[in-house]
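> Next up is a structure, given as structure tokens.
Residue numbers (this note's numbering), protein chains in the order written: chain D, 51 to 411; chain U, 51 to 411; chain P, 51 to 411.
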């Protein structure tokens with residue numbers, strides 16, 4: 051629970067870093083520049099949107115005792131730790147200061163584990179977890195309390211599955227996957243055929259979901275099982291919170307999918323793709339490698355590799371910007387044309403949609 | 051866990067179908083055409099977006115042993131099963147090959163079931179399920195592990211409630227409903243009145259949620275309870291994942307609501323409506339029967355029956371398409387007018403929103 | 051389970067209200083005007099979108115026995131209860147008629163509570179709840195069945211945490227917070243740095259989440275923990291269902307965030323802000339006090355206090371309306387220019403995006 055303290059010397063030793071200033075300085079917390087207080091270690095990463103001069107000024111007025119920087123700044127009284135990649139250094143030190151609570155190895159006495167399940171070495175199974183028949187769990191994997199693992203699931207080594215996640219039948223996870231709370235892997239896909247009697251008849255989904263190694267899934271996201279075959283997410287791809295991935299969709303490697311994005315069924319998304327927040331992808335769409343889609347893009351058709359798109363339907367991001375700017379001028383253009391052109395009879399007014407708008411908040 | 055094998059003859063018998071080719075062929079898996087391998091049964095449904103010629107070619111080069119088709123194709127060496135509706139046939143056969151694990155009847159010893167709860171015949175209650183006071187559960191309903199059913203709930207016959215779903219007080223489900231993992235039925239609606247002291251004071255929600263027969267709810271979707279009265283979803287309506295349905299809203303029969311759609315409170319949605327993915331509906335909106343809203347439509351006012359709409363605010367889909375195409379031309383139009391018309395003084399540039407965009411990914 | 055009955059006199063006494071008509075009338079349910087039946091108490095709040103004349107007519111034809119109104123209406127036979135704020139009166143009476151089931155005080159025998167946890171007076175801990183090490187829970191707080199509270203969490207007094215919610219390590223809640231089912235507080239933020247070997251390397255998140263007093267969080271919403279420092283939601287702010295709030299974001303007091311809204315990381319949202327349904331906010335954005343964003347606004351940059359915005363990127367709501375109306379006229383404008391102007395060579399047609407649209411439903 052309590053934070054731990056370290057000398058700058060100790061920390062620099064772990065980072066193989068150079069120290070400028072008093073290496074005996076003791077720090078007990080890592081904090082961002084904005085909120086760093088007395089006794090803190092802070093950092094400046096060149097990727098942050100802030101000029102070097104502003105940072106130096108803030109550091110001079112800060113009560114932090116030490117700072118991690120890429121290159122030492124002049125005229126600072128606080129101790130500086132210089133590393134090639136400050137953010138990486140912070141990542142490697144963070145848990146020294148405030149370790150996340152760890153589950154003890156072994157099976158909690160309240161967990162219900164099928165006798166046919168196979169657990170690797172140093173596996174931790176938390177309170178009230180349910181591990182179904184024929185489940186395989188690899189070495190060092192941590193299953194937090196209140197995780198439900200249906201029958202036939204395979205989970206690799208060194209995975210962490212957080213409380214409230216559910217892993218449905220026959221789903222497979224590679225090694226080192228991180229599944230946040232409330233995730234549903236392998237829910238039945240949204241598949242029906244029209245039926246005179248019932249309206250919509252269910253199509254059974256007997257496929258599964260496969261997450262390759264190092265896939266992360268954010269809180270309350272869902273990945274539906276395939277009808278037949280597999281819904282697959284490739285190695286090192288990272289999925290944010292409240293994302294939906296539909297049945298039979300494939301996602302390549304190292305692809306990032308941000309919050310509230312919805313990918314319909316049977317899509318084929320490439321590797322190194324970035325889908326920003328709130329993107330929607332229609333079903334059966336193919337997106338090539340290295341595509342970047344701006345927030346809220348509505349992707350209704352295939353996108354070739356390496357394109358950067360925005361809008362709905364999507365266009366190249368440059369065109370989208372020009373459209374946005376042009377649209378802002380359109381009301382004025384219509385007014386001018388009405389006054390001095392053959393279009394003068396067209397009416398232009400925003401009043402008629404007032405009623406619609408009034409219901410929006 | 052393991053898949054089962056069948057002769058084509060056996061399968062055709064179940065389907066009452068004609069066989070062309072070797073009826074003794076043994077198949078052990080159903081797979082889509084793209085991934086069918088040795089020993090597989092595959093299928094071709096005319097609803098798939100692919101020409102008959104392409105399909106025949108793929109089938110000739112496929113290592114599948116048999117195929118389900120609407121009408122037999124010429125010059126195929128694999129065995130063909132001919133049925134009027136191939137997808138329906140696949141649906142009826144799928145679970146023969148890979149049965150979903152079934153929960154045994156009876157109450158798991160770890161479940162907490164109120165003594166006042168009434169359970170029908172052949173009900174299954176999984177590990178750690180909590181069944182509150184006065185709950186009624188109909189015959190053959192399956193309640194998976196880790197489902198919480200609050201007091202006063204009524205669940206019909208032959209329902210399946212998956213792990214992690216929560217059914218709040220007084221909610222009612224008809225027969226044959228399918229509730230995926232993480233669904234919340236009957237959370238308190240988002241209702242406050244403004245209050246000088248507290249800012250926003252809560253309005254207690256004493257109404258409930260009613261799902262009629264054959265309603266399906268996708269993973270991590272939420273249906274809020276009414277403040278007074280009932281939030282209702284009609285017979286055979288199907289709700290996809292991560293959908294929110296607000297307090298006091300009514301949805302008719304056989305309506306489909308796709309993923310990430312949000313329907314605000316007090317709406318009245320008709321029957322046979324389709325709301326595609328990511329649609330938003332403002333509160334108190336009425337949508338008539340047979341309306342179709344394209345993905346991401348923002349429905350801010352009432353929509354008459356049978357309309358097909360898109361956009362935000364919504365317009366008829368044809369107009370939306372024309373708007374989209376016209377907008378693509380707008381930057382060029384402005385440029386031309388600037389060069390050769392009285393509008394020549396207007397500036398047109400996308401640069402000024404660069405900063406905004408840079409924060410989107 | 052059953053509803054309770056009261057005389058109008060009793061109810062008016064609790065409200066300190068005037069009665070017009072028969073005060074001995076007995077009512078057993080509160081119902082909205084649309085569905086009020088025999089024996090019901092109904093109400094009319096001037097905030098409802100309906101004229102006084104229409105209401106009076108409906109009341110005359112209603113079978114309700116009594117009505118709560120702001121000012122008594124003439125020529126009504128049913129009993130009237132007159133109060134300054136009818137909706138507030140309904141809120142204060144609602145649970146008399148249909149009390150929500152209450153959890154008994156004490157710890158359910160199946161719950162797993164760490165010996166180092168500190169529980170206040172009259173705390174209720176439901177079945178299968180898990181309370182981690184060093185957790186503090188204030189007086190009268192109710193933790194429903196199947197809630198998981200990780201180590202080091204502090205929860206104030208009189209909170210209600212519904213089944214299926216998860217509160218991660220070191221998260222802090224003030225007094226009187228209401229957490230709906232399936233909420234995840236403190237999931238790891240979506241933070242990676244690029245790494246040659248792994249593609250994306252995780253940045254540990256050692257910060258936390260703080261909810262101040264009277265914060266409500268809707269079903270299946272997620273609030274991510276800060277990387278360092280705190281993700282904070284201010285006093286009396288109310289968050290609807292399926293909302294995502296990113297790591298390190300701050301939200302002020304009394305702010306309302308409606309369903310399906312996504313707020314990225316490191317944002318600074320003011321007090322008394324309203325973000326309507328489906329709004330998206332890019333990372334590092336600052337939104338001033340009293341800003342109102344219409345449904346589906348895509349907020350890509352800072353917004354000054356008191357503005358009312360709509361659209362993506364956002365513009366003042368008046369301009370947005372004019373843009374929408376102008377866009378509807380744009381296809382016609384292009385047609386006219388093509389026919390009678392130097393722009394006559396431009397083609398205008400919606401056909402070419404048909405294919406894209408066809409995949410949307």
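Don't be surprised by glycine CBs; every beta carbon is placed ideally from N, CA and C.
Rounding to the nearest angstrom, what Cα-Cα distance links residue 344 (chain P) and residue 353 (chain P) in this structure?
Looking up residue 344 (chain P) in the third chain gives position 294. Looking up residue 353 (chain P) in the third chain gives position 303. Approximately 13 Å between the Cα atoms of the pair.
> Does residue 148 (chain U) have its Cβ less than 9 Å from a Cβ in chain P?
Stepping through the second chain from its first residue, residue 148 (chain U) is reached at position 98. No, residue 148 (chain U) lies away from the interface with chain P (no Cβ there is under 9 Å from its Cβ).
> Please decide whether residue 270 (chain U) counts as near chain D, where near means a Cβ-Cβ distance under 9 Å.
The residue labelled residue 270 (chain U) in the question sits at position 220 within the second chain. With 9 Å as the cut-off, residue 270 (chain U) counts as an interface residue toward chain D.
> By the 10 Å Cβ neighbour count, where 16 or more other Cβ atoms means buried, how is residue 303 (chain D) classified, buried or exposed?
Residue 303 (chain D) sits at position 253 when you count from the first residue of the first chain. That one is buried.
> Our contact map puts residue 332 (chain P) next to residue 350 (chain P) with C-beta atoms below 8 Å; I'd like the distance itself, whole angstroms only.
The residue given as residue 332 (chain P) occupies position 282 in the third chain. The residue given as residue 350 (chain P) occupies position 300 in the third chain. Yes, they are in contact, since the Cβ atoms of residue 332 (chain P) and residue 350 (chain P) sit about 5 Å apart, within 8 Å.
> Which residue comes first and which comes last in the alpha helix (DSSP H) that contains residue 137 (chain U)?
As a position in the second chain, residue 137 (chain U) is number 87, starting the count at 1. Here the alpha helix (DSSP H) through residue 137 (chain U) covers 136-147.
> Could you work out which residue in P:237, P:222, P:175 and P:245 is closest to residue 211 (chain D) when comparing CA atoms only?
The residue given as residue 211 (chain D) occupies position 161 in the first chain. Selected option, being the one with the closest Cα: P:237.
> Among D:115, D:265, D:95 and D:157, which residue has its Cα nearest to the Cα of residue 72 (chain D)?
Indexing the first chain from 1 puts residue 72 (chain D) at position 22. It is D:115.
> For a cutoff of 9 Å on Cβ pairs, would you count residue 70 (chain U) as touching chain P?
Mapped onto the second chain, residue 70 (chain U) falls at position 20. Closer than 9 Å: no.
> According to the Cβ coordinates, are residue 273 (chain D) and residue 295 (chain D) closer than 9 Å?
Here residue 273 (chain D) refers to the residue found at position 223 of the first chain. Here residue 295 (chain D) refers to the residue found at position 245 of the first chain. Cβ atoms of residue 273 (chain D) and residue 295 (chain D): closer than 9 Å.
> Who are the near neighbours of residue 112 (chain P) in its chain, counting only those whose CB is closer than 6 Å to its CB and skipping five residues on each side?
On the third chain, position 62 is the one that residue 112 (chain P) refers to. Correct list, in chain order: 86.
> Between residue 212 (chain P) and chain U, is there a C-beta pair that is closer than 9 Å?
Translated into the one-based positions of the third chain, residue 212 (chain P) becomes position 162. Residue 212 (chain P) counts as touching chain U.
> How big is the Cα-Cα spacing for residue 281 (chain U) and residue 384 (chain D)?
Taking the second chain and counting its residues from 1, the one referred to as residue 281 (chain U) is at position 231. Taking the first chain and counting its residues from 1, the one referred to as residue 384 (chain D) is at position 334. Each residue's alpha carbon lies about 45 Å from the other.
> Do residue 162 (chain U) and residue 193 (chain U) have their C-beta atoms within less than 9 Å of each other?
Your numbering for residue 162 (chain U) matches position 112 in the second chain. Your numbering for residue 193 (chain U) matches position 143 in the second chain. No, the pair does not count as a contact, with Cβ atoms beyond the cut-off.
> Kindly say whether residue 399 (chain U), judged by its beta-carbon, lies nearer than 9 Å to any beta-carbon of chain P.
Walking along the second chain from the start, residue 399 (chain U) turns up at place 349. Summary for residue 399 (chain U): the model assigns pLDDT 38, below 50, so the residue's position carries little reliability, and this model does not support an answer.
> Hey, how far is the Cα of residue 198 (chain P) from the Cα of residue 283 (chain P)?
Numbered from 1 along the third chain, position 148 holds the residue referred to as residue 198 (chain P). Numbered from 1 along the third chain, position 233 holds the residue referred to as residue 283 (chain P). If you take the alpha carbons of residue 198 (chain P) and residue 283 (chain P), they lie about 21 Å apart.
> Applying a beta-carbon distance threshold of less than 9 Å, which residues of chain U neighbour residue 193 (chain P)?
Working through the third chain from its first residue, we reach residue 193 (chain P) at position 143. Ordered by position in chain U, no residue passes the 9 Å Cβ test against residue 193 (chain P), which lies about 13 Å from the chain.
> Could you please give me the residues that DSSP links to residue 235 (chain D) through a beta bridge?
By 1-based counting over the first chain, the position of residue 235 (chain D) is 185. For residue 235 (chain D), the beta-bridge partners assigned by DSSP are D:217 and D:273.
> Any Cβ of chain D within less than 9 Å of the Cβ of residue 261 (chain P)?
Along the third chain, read from residue 1 onward, the residue named residue 261 (chain P) stands at position 211. Answer no: the Cβ-Cβ gap between residue 261 (chain P) and chain D never drops below 9 Å.
> Flag this pair as yes or no: are the beta carbons of residue 365 (chain U) and residue 346 (chain U) separated by less than 9 Å?
On the second chain, position 315 is the one that residue 365 (chain U) refers to. On the second chain, position 296 is the one that residue 346 (chain U) refers to. Their beta carbons are not under 9 Å apart, which means residue 365 (chain U) does not touch residue 346 (chain U) by this criterion.
> Can you tell which of D:367, D:278 and D:223 has the C-alpha that lies nearest to the C-alpha of residue 263 (chain D)?
The sequence position of residue 263 (chain D) within the first chain is 213, counting from 1. The shortest Cα separation from residue 263 (chain D) among D:367, D:278 and D:223 belongs to D:223.
> Going by CA-CA distance only, name the one from P:191, P:183, P:336 and P:218 that's closest to residue 175 (chain P).
Position 125 of the third chain holds residue 175 (chain P). Of the candidates P:191, P:183, P:336 and P:218, the one whose C-alpha sits nearest the C-alpha of residue 175 (chain P) is P:191.
> Do we get a CB-CB distance below 9 Å when we pair residue 220 (chain U) with the residues of chain P?
Here residue 220 (chain U) refers to the residue found at position 170 when the second chain is read from its first residue. Output row for residue 220 (chain U): interface = yes.
> Which value, in whole angstroms, describes the spacing of the CA atoms of residue 299 (chain D) and residue 243 (chain D)?
Stepping through the first chain from its first residue, residue 299 (chain D) is reached at position 249. Stepping through the first chain from its first residue, residue 243 (chain D) is reached at position 193. Between residue 299 (chain D) and residue 243 (chain D), the C-alpha separation is close to 19 Å.
> Compare the beta carbon distance of residue 91 (chain P) and residue 81 (chain P) with 9 Å and say whether it is the shorter of the two.
For the purposes of this step, residue 91 (chain P) is taken as the residue at position 41 of the third chain. For the purposes of this step, residue 81 (chain P) is taken as the residue at position 31 of the third chain. At the C-beta level, residue 91 (chain P) and residue 81 (chain P) come within 9 Å of one another.
> Determine which residues of the region 247-261 of chain U have a Cβ less than 9 Å from any Cβ of chain D, and write them out in chain order.
none
> Within 9 Å (strictly less), CB to CB, does residue 377 (chain P) reach chain U?
Indexing the third chain from 1 puts residue 377 (chain P) at position 327. Yes, residue 377 (chain P) lies at the interface with chain U (some Cβ there is under 9 Å from its Cβ).
> Need the endpoints of the beta strand (DSSP E) that residue 128 (chain D) sits in, please.
Here the question's residue 128 (chain D) lines up with position 78 in the first chain. Where residue 128 (chain D) is concerned, there is no enclosing beta strand (DSSP E), given that its DSSP letter is neither H nor E.
> Does the beta carbon of residue 314 (chain U) sit closer than 9 Å to a beta carbon anywhere in chain P?
Taking the first residue of the second chain as position 1, residue 314 (chain U) is located at position 264. True, the Cβ-Cβ gap to chain P drops below 9 Å.
> Please list, in chain order, the chain U residues whose beta carbon lies closer than 9 Å to that of residue 292 (chain D).
As a first step, residue 292 (chain D) is located in the first chain; it is residue number 242 there, counting from the start. Those within 9 Å of residue 292 (chain D) in chain U are 270, 292 and 310.
> If you reduce the DSSP assignment to three classes, tell me which class residue 186 (chain U) lands in.
The residue given as residue 186 (chain U) occupies position 136 in the second chain. Correct three-state label for residue 186 (chain U): strand.
> Quick check on the burial criterion: 16 or more other C-beta atoms within 10 angstroms. Buried or exposed for residue 254 (chain P)?
Counting from 1 along the third chain, the entry for residue 254 (chain P) is found at position 204. So residue 254 (chain P) ends up on the buried side.
> Output, in sequence order along the chain, the residues in the region 224-250 of chain U whose CB is closer than 7 Å to any CB in chain P.
232, 234, 237, 238, 240, 242, 243, 248, 249 and 250
> Just to check my reading of the structure: residue 61 (chain P) and residue 143 (chain P) have Cβ atoms closer than 8 Å, yes? What is that Cβ distance to the nearest angstrom?
Walking along the third chain from the start, residue 61 (chain P) turns up at place 11. Walking along the third chain from the start, residue 143 (chain P) turns up at place 93. Here residue 61 (chain P) really is in contact with residue 143 (chain P); their C-beta atoms are around 6 Å apart, less than 8 Å.
> Counting C-beta neighbours from all protein chains within 10 Å, is the total for residue 407 (chain U) 16 or more, i.e. buried, or is it exposed?
Here residue 407 (chain U) corresponds to residue number 357 of the second chain, with the count starting at 1. Any reading at residue 407 (chain U) needs caution, since the residue's pLDDT is 32, under 50, leaving its predicted position unreliable; the model's value is listed next. The residue in question, residue 407 (chain U), is buried, as its Cβ has 16 or more Cβ neighbours within 10 Å.
> Which complete alpha helix (DSSP H) runs does the region 75-119 of chain P hold, if anything under 4 residues is left out?
102-111
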